[in-house]
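First up is the structure itself, then whatever we jot down about it.
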Amino acid sequence: MSENYQPQSGNQDLWHTIFGPGHPDLNKQHRFHARLPRDPRCKLCFAPFEGLGGFYLRFKGKGRSNRNPNFCNACDGFLEAFPGGAEVEMSVIFVDIRNSTQFAEGAEPAAVSGRINSFLDAVTDTIVKSDGFILAFYGDCVVAVWPPGFSGLDHAAKAQTAARRLVQQGAAITGADGKAIPFGVGVHTGPIFIGTVQAARGLFRDISIFGHGVNLTARLAGAAQAGEALLSEAAVQAAGQGQDLPRRALELKGITGETTAYALG
Ligand SMILES: [Zn+2]
């Protein structure tokens with residue numbers, strides 16, 4: 018997703034199991050860790066880093082990795098030992114913040130960062146409550162996925178619910194200054210390559226997504242009006258809901274032919 022990172026190959030069956038049907042050991046950890054307070058958590062196993070849960074797990078030898086703060090030491094070790102990825106059918110959302118360059122022009126850097134951070138908190142909360150998995154904040158964009166192994170077989174319906182909630186919250190999602198932050202949402206369901214990426218230099222590893230479906234989702238988010246979510250035809254079909262939403266034919270940059278999108282909001 019970023020030119021600074023290279024996707025890694027290998028361990029395809031393992032990665033397919035984790036994000037496709039779900040790995041039983043990891044899913045057991047998810048259920049256990051999700052009950053322990055509190056955020057922030059390891060992106061892969063949901064182990065809490067703060068609060069009583071964080072204290073308990075540190076006592077058990079599991080803490081935040083000191084070279085990769087998004088993961089616990091166990092999962093960071095796992096990413097190092099089993100780099101790779103697989104193509105899995107899943108749902109994806111991009112949330113694209115509008116006019117942030119304009120806002121940044123006339124504001125103090127601290128105000129810009131505060132405004133964006135409280136927006137990201139609100140969006141993250143809605144996505145996590147809809148069983149989504151936050152992959153990354155890319156500048157002005159929040160990227161989240163619903164892999165069946167994490168989110169269940171009804172991932173497309175859950176992603177659509179998240180999009181609906183984001184659109185409904187709309188102007189209520191404000192920055193630290195209390196002003197609404199306009200944003201557009203793109204939603205898609207399809208085969209996505211998910212796996213580890215390695216920084217061109219150094220050891221830093223993360224999980225990222227690649228493929229046509231990722232580009233399509235980003236373009237849909239970019240084409241959405243402020244306060245609107247655009248769903249691909251595949252997203253609507255996989256969810257089995259939303260067929261009655263207003264439809265638009267779009268010409269999207271880098272996508273051949275017309276794209277049919279369903280508009281929420
Ligand atoms: Zn972990």
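Here the working numbering runs 17 ahead of the position in the sequence shown, where the first position is 1.
Even glycine gets a Cβ: it sits at the ideal position worked out from N, Cα and C.
Predicted model only: the values in this text are computed from it and were never measured.
Exercise. Do the region 34-47 and the region 108-126 touch if we need at least three Cβ pairs shorter than 8 Å?
Worked result: They do not touch, by the three-pair rule.
Problem set entry | CA-to-CA distance, Glu104 to Thr273, given in whole angstroms | As a first step, residue 273 is located in the sequence shown; it is residue number 256 there, counting from the start. As a first step, residue 104 is located in the sequence shown; it is residue number 87 there, counting from the start. Taking the straight line joining both Cα atoms gives about 22 Å.
Exercise. When DSSP labels each residue in this structure, what does Gln46 get in the three-state scheme?
Worked result: Position 29 of the sequence shown, counted from the start, is the residue given in the question as residue 46. Note: Gln46 maps to helix in three-state DSSP.
For this session: Return the residue from the list Phe72, Cys59, Ile209 and Gly80 that minimises the CA-CA distance to Asn87.
Result: Within the sequence shown, the letter at position 70 stands for residue 87. Comparing Cα-Cα distances from Asn87 to each of Phe72, Cys59, Ile209 and Gly80, the minimum goes to Cys59.
Exercise. At a cut-off of 7 Å, is Leu61 close to ligand 1 when judged by its beta-carbon and the heavy atoms of the ligand?
Worked result: Against the sequence shown, residue 61 aligns to sequence position 44. Leu61: yes, Cβ under 7 Å from ligand 1.
Exercise. From the DSSP output, which residues share a beta bridge with Phe200?
Worked result: Residue 200 sits at position 183 when you count from the first residue of the sequence shown. Ile114.
For this session: Have a look at Asp56, Ala64, Pro41 and Arg182 and flag the residue whose alpha-carbon is nearest the alpha-carbon of His50.
Result: Along the sequence shown, one-based indexing puts residue 50 at 33. Distance check between His50 and each of Asp56, Ala64, Pro41 and Arg182 places Ala64 closest, using alpha-carbon atoms only.
For this session: Would you tell me roughly how many angstroms separate the C-alpha atoms of Gly257 and Ala174, rounded to the nearest one?
Result: Against the sequence shown, residue 257 aligns to sequence position 240. Against the sequence shown, residue 174 aligns to sequence position 157. Those two C-alpha atoms are separated by around 7 Å.
For this session: Give a single yes or no on whether Cys158 has its beta carbon closer than 7 Å to a heavy atom of ligand 1.
Result: The residue given as residue 158 occupies position 141 in the sequence shown. For ligand 1, not one heavy atom lies less than 7 Å from the Cβ of Cys158.
Exercise. Quick one: what's Pro65 bridged to in DSSP?
Worked result: As a position in the sequence shown, residue 65 is number 48, starting the count at 1. Answer is Arg58, bridged to Pro65.
Problem set entry | Segment limits, beta strand (DSSP E) that includes Thr276 | Indexing the sequence shown from 1 puts residue 276 at position 259. Element bounds for Thr276: Glu275 to Leu281.
For this session: Check whether the Cβ of Phe72 lies closer than 7 Å to any heavy atom of ligand 1, and answer yes or no.
Result: Counting from 1 along the sequence shown, the entry for residue 72 is found at position 55. No, since every heavy atom of ligand 1 falls outside the 7 Å radius drawn around the Cβ of Phe72.
Exercise. What three-state label does DSSP hand Phe227 in the structure shown?
Worked result: Reading the sequence shown from its first residue, position 210 is the one you call residue 227. Phe227 falls in the strand class under three-state DSSP.
Problem set entry | Own chain, CB closer than 7 Å to Ala188, minus 5 neighbours either side, in chain order | Residue mapping note: residue 188 aligns to position 171 of the sequence shown, counting from 1. Only Ala197 meet the Cβ criterion.
Problem set entry | Of the residues Gly70, Asn232 and Thr191, the one placed nearest Phe136, counting alpha carbons only | In the sequence shown, residue 136 corresponds to position 119, counting from 1. For the residues Gly70, Asn232 and Thr191, the minimum Cα distance to Phe136 belongs to Thr191.
Problem set entry | Backbone CA spacing between Ser147 and Ala176 [nearest angstrom] | For the purposes of this step, residue 147 is taken as the residue at position 130 of the sequence shown. For the purposes of this step, residue 176 is taken as the residue at position 159 of the sequence shown. Straight-line Cα distance between these residues: approximately 7 Å.
Exercise. Cβ of Phe88 versus every heavy atom of ligand 1: is any distance shorter than 7 Å?
Worked result: For the purposes of this step, residue 88 is identified with residue 71 of the sequence shown, where counting begins at 1. For ligand 1, at least one heavy atom lies less than 7 Å from the Cβ of Phe88.
Exercise. DSSP beta-bridge partners for Ala128?
Worked result: Working through the sequence shown from its first residue, we reach residue 128 at position 111. Answer is none; Ala128 lacks a bridge partner.
Exercise. In its own chain, which residues sit with a C-beta less than 8 Å from the C-beta of Pro263, not counting the 5 before and 5 after it?
Worked result: Residue 263 sits at position 246 when you count from the first residue of the sequence shown. Taken in chain order, the residues that qualify are Tyr279 and Ala280.
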